[in-house]
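Enquirer: Sharing a structure here in structure tokens format.
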Amino acid sequence: MRITALAGGIGAARFLRGLLAELAARGAGADIGAGHEITVIGNTGDDITLFGLRVCPDLDTVMYTLGGGIHEEQGWGRDGETFAVKAELAAYGVEPQWFGLGDRDFATHIVRSQMLDLGYPLSQVTQALCARWQPGVRLIPMSNDPVETHVVVDDEQGRRAVHFQEWWVRMHAATPALSIVAIGAEDAKPAPGVLEAMAEADIVLFPPSNPVVSIGTILAVPGIRDAVAATMAPVVGVSPIIGGAPVRGMADACLSAIGVETSAAAVAEMYAGLLDGWLVDLSDAADAAMTRAADAAATGPVVRALPLLMSDLAATRAIAAAALDLADELRTDR
Ligand code: FO1
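Following this line, the structure appears as structure tokens:
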């Protein structure tokens, strides 16, 4: 079975880990690869160049999480980290000091940067890094062209655009975002294999990633949203909003920036025309039922409610199982 998933960072990586576990269990112990081919289209809008190195947070979170090298509580960066290089950089007074790059993580950015400098496209660089980590999925960046999410803020320093990472990490998304722009998205091309992975998929999944700066950014690359709309595969999404609030990221700060209410139904609306199935948390079931009832033409997605908190691998596996089951149900309905 060929599964294609769009992925941001932490939420998507955890969901994918549950999906791999569920597929392994269903395959009656067959190894992950047997019979299943999972392609993950990674968001690169969070990418940032620091100290001359290219950092790809969402690609690295998927690679480290599925490859067994992630700092589990943080959901980003390496396990067992030390910060000697970061301390030395600070001793030289170089900026920024608000982004926590660890010594082990630096190696990833050094390898990536030297390959990019030699002219390798990001998709090949990502493939090379994954050769070490063996994540059990094919990880492809949404584009090989540079796309960077910037946020317009207006504070004591006046109105200006800051890199998403500065807004997210240094400012804790506390300063309201007047607008969020994926710079370069309109000129970016899908990376090789992205459109094919959509067209040839048996199932397309939207894990619980940030709908604005992760899933939204991937869909902003010309051609990708149309490819999702056109695929014959059932498209099943998992709400990143539980009980009217994001689980751990700051999706609410992003949603309000674009004037969208923080609800499972509102996020489904953002994916209008793409979703065949939508998983919501039990706490949002009533809201979803109302939306469904109001949808007289029944053009919206089929909605299922279940516990969506990815508290541990068992919980995440259950969510992945529900997504696979709903996809099967939708396929047979076709
Ligand atoms: N997030 C933080 O909140 N603080 C950090 O210092 C930080 C450092 C960092 C370094 C490498 C990396 O790949 C991710 C890092 N993140 C950090 C997370 C990152 O901002 C987010 O994971 C994504 O950009 C949003 O999904």
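FYI, my numbering numbers position 87 of the sequence shown as 1295, with every residue one higher than the one before it.
In this text, a Cβ means the ideal position worked out from N, Cα and C, and glycines have one as well.
What you are looking at is a predicted structure, and each value in this text was computed from that prediction instead of being measured.
Give me whichever residues DSSP pairs with ILE1362 in a beta bridge.
Expert: Numbered from its first residue, the sequence shown carries residue 1362 at position 154. Note that residue 1362 corresponds to Asp in the displayed sequence, not to Ile. DSSP lists ARG1367 as partners of ASP1362.
Enquirer: May I have the straight-line CA-CA distance separating GLY1327 from ALA1513, to the nearest angstrom?
Expert: The count along the sequence shown starts at 1 and reaches residue 1327 at position 119. The count along the sequence shown starts at 1 and reaches residue 1513 at position 305. Between GLY1327 and ALA1513, the C-alpha separation is close to 47 Å.
Enquirer: By Cβ distance, which residues of its chain are closer than 6 Å to PRO1343, with the 5 residues on each side in sequence left out?
Expert: The residue you call residue 1343 lines up with position 135 of the sequence shown. Excluding sequence neighbours, PRO1343 sits near MET1271, LEU1274 and GLY1275.
Enquirer: By a C-beta neighbour count over all protein chains shown, 10 Å radius and 16 as the cutoff for buried, is GLN1305 buried or exposed?
Expert: Locating residue 1305 in the sequence shown gives position 97, where the first residue counts as 1. Exposed, because fewer than 16 other Cβ atoms sit within 10 Å of the Cβ of GLN1305.
Enquirer: Is there at least one non-hydrogen atom of the ligand FO1 closer than 7 Å to the beta-carbon of ASP1254?
Expert: Position 46 of the sequence shown holds residue 1254. The answer is yes for ASP1254.
Enquirer: Exposed or buried, what is VAL1420 when buried is set at 16 or more other beta-carbons lying within 10 Å of its beta-carbon?
Expert: The residue labelled residue 1420 in the question sits at position 212 within the sequence shown. VAL1420 is buried by the Cβ-count criterion.
Enquirer: If you reduce the DSSP assignment to three classes, tell me which class LEU1514 lands in.
Expert: For this step, residue 1514 is matched to residue 306 along the sequence shown. Here LEU1514 sits in coil by DSSP.
Enquirer: Under three-state DSSP, which class holds TRP1486?
Expert: Taking the sequence shown and counting its residues from 1, one reaches residue 1486 at position 278. Strand.
Enquirer: How many angstroms separate the CA atom of ASP1495 from the CA atom of ALA1473?
Expert: Residue numbering aside, residue 1495 sits at position 287 when the sequence shown is read from its first letter. Residue numbering aside, residue 1473 sits at position 265 when the sequence shown is read from its first letter. Distance between the alpha carbons of ASP1495 and ALA1473: 7 Å.
Enquirer: If you draw a straight line from the C-alpha of PHE1307 to the C-alpha of ARG1539, how long is it?
Expert: By one-based count along the sequence shown, residue 1307 stands at place 99. By one-based count along the sequence shown, residue 1539 stands at place 331. If I take the Cα positions, the gap works out to 44 Å.
Enquirer: Any heavy atom of the ligand FO1 inside 7 Å of the beta-carbon of ILE1426?
Expert: The sequence position of residue 1426 within the sequence shown is 218, counting from 1. Incorrect: ILE1426 has no Cβ contact closer than 7 Å to the ligand FO1.
Enquirer: Out of LEU1324, PRO1515 and LEU1403, which has the shortest C-alpha to C-alpha gap to ASP1572?
Expert: What is shown of the chain runs 1209 to 1542, which leaves residue 1572 out entirely.
Enquirer: Hey, how far is the Cα of THR1316 from the Cα of LEU1337?
Expert: Position 108 of the sequence shown, counted from the first residue, corresponds to residue 1316. Position 129 of the sequence shown, counted from the first residue, corresponds to residue 1337. Looking at the two C-alpha atoms, the distance is approximately 8 Å.
Enquirer: Using 7 Å as the cut-off, classify the Cβ of GLN1373 as near or not near the heavy atoms of the ligand FO1, replying yes or no.
Expert: The residue you call residue 1373 lines up with position 165 of the sequence shown. At least one heavy atom of the ligand FO1 falls within 7 Å of the beta-carbon of GLN1373.
Enquirer: When every heavy atom of the ligand FO1 is checked, does at least one fall within less than 7 Å of the C-beta of ILE1309?
Expert: Position 101 of the sequence shown, counting from 1, holds the residue named residue 1309. Here residue 1309 is Leu; the residue named in the question, Ile, does not match the sequence. Taking 7 Å as the cut-off, the C-beta of LEU1309 counts as close to a heavy atom of the ligand FO1.
Enquirer: Evaluate the contact criterion for the segment 1507 to 1525 versus the segment 1481 to 1497: three or more CB pairs, one atom per stretch, below 8 Å.
Expert: yes
Enquirer: Would THR1334 pass as a contact of PRO1354 if the rule is Cβ separation under 8 Å?
Expert: Indexing the sequence shown from 1 puts residue 1334 at position 126. Indexing the sequence shown from 1 puts residue 1354 at position 146. Their beta carbons are not under 8 Å apart, which means THR1334 does not touch PRO1354 by this criterion.
Enquirer: How is ARG1225 classed by DSSP in three states: helix, strand or coil?
Expert: Along the sequence shown, read from residue 1 onward, the residue named residue 1225 stands at position 17. In the structure shown, ARG1225 sits in a helix (DSSP, three-state: H, G or I).
Enquirer: For ASP1266 and GLY1217, which I take to be in contact (beta-carbon distance under 8 Å), what is that distance rounded to the nearest angstrom?
Expert: For the purposes of this step, residue 1266 is taken as the residue at position 58 of the sequence shown. For the purposes of this step, residue 1217 is taken as the residue at position 9 of the sequence shown. Between GLY1217 and ASP1266 the Cβ distance is about 4 Å, and since that is below 8 Å, they are a contact.
Enquirer: State the Cα-Cα distance for the pair ASP1311 and LYS1294, rounded to the nearest angstrom.
Expert: Position 103 of the sequence shown, counting from 1, holds the residue named residue 1311. Position 86 of the sequence shown, counting from 1, holds the residue named residue 1294. Those two C-alpha atoms are separated by around 8 Å.
Enquirer: Can you tell me where the beta strand (DSSP E) holding GLU1245 begins and where it ends?
Expert: Here residue 1245 refers to the residue found at position 37 of the sequence shown. Start and end: 1245 to 1250.
Enquirer: Less than 7 Å between the CB of ILE1249 and some heavy atom of the ligand FO1, yes or no?
Expert: Mapped onto the sequence shown, residue 1249 falls at position 41. Not so, every heavy atom of the ligand FO1 lies at least 7 Å from the Cβ.
Enquirer: Counting beta carbon pairs with one atom in the segment 1447 to 1465 and one in the segment 1397 to 1412, are three or more of them shorter than 8 Å?
Expert: no
Enquirer: Determine the closest residue to PHE1223 out of ALA1381, ALA1526, ALA1441 and TYR1479, with distance taken between C-alpha atoms.
Expert: In the sequence shown, counting from the first residue as 1, residue 1223 sits at position 15. Measuring from the Cα of PHE1223, the nearest candidate turns out to be ALA1526.
Enquirer: Return the first residue and the last residue of the alpha helix (DSSP H) that ALA1339 is part of.
Expert: Numbered from its first residue, the sequence shown carries residue 1339 at position 131. That run of the alpha helix (DSSP H) goes 1330 to 1341.
Enquirer: For GLY1445, write down the residues that DSSP places opposite it in a beta bridge.
Expert: Walking along the sequence shown from the start, residue 1445 turns up at place 237. PHE1414 and TRP1486.
Enquirer: Taking DSSP as the reference, what is the three-state secondary structure of GLU1289?
Expert: Here residue 1289 refers to the residue found at position 81 when the sequence shown is read from its first residue. GLU1289: coil per DSSP, three-state reduction.
Enquirer: By the 10 Å Cβ neighbour count, where 16 or more other Cβ atoms means buried, how is ALA1459 classified, buried or exposed?
Expert: For the purposes of this step, residue 1459 is identified with residue 251 of the sequence shown, where counting begins at 1. Under this definition ALA1459 is a buried residue.
Enquirer: Starting from VAL1389, trace the beta strand (DSSP E) in both directions and tell me its first and last residue.
Expert: Mapped onto the sequence shown, residue 1389 falls at position 181. Start and end: 1387 to 1391.
Enquirer: Quick check: GLU1289 and ASP1313, are their CB atoms within less than 8 Å of each other?
Expert: Locating residue 1289 in the sequence shown gives position 81, counting from the first residue. Locating residue 1313 in the sequence shown gives position 105, counting from the first residue. Going by C-beta atoms, GLU1289 is nearer than 8 Å to ASP1313.
Enquirer: Taking the straight line between their C-alpha atoms, what separation do you get for ILE1388 and TRP1376?
Expert: Within the sequence shown, residue 1388 is the residue found at index 180, counting from 1. Within the sequence shown, residue 1376 is the residue found at index 168, counting from 1. Answer to the nearest angstrom: the Cα atoms are 12 Å apart.
Enquirer: Would you mind giving the Cβ-Cβ distance between THR1257 and SER1351, rounded to the nearest angstrom? I have them listed as a contact below 8 Å.
Expert: If you number the sequence shown from 1, residue 1257 lands on position 49. If you number the sequence shown from 1, residue 1351 lands on position 143. With 8 Å as the limit, THR1257 and SER1351 do not qualify as a contact, their Cβ atoms being about 16 Å apart.
Enquirer: Give the DSSP bridge partners of VAL1263, in chain order.
Expert: Looking up residue 1263 in the sequence shown gives position 55. Paired residues: ILE1256.
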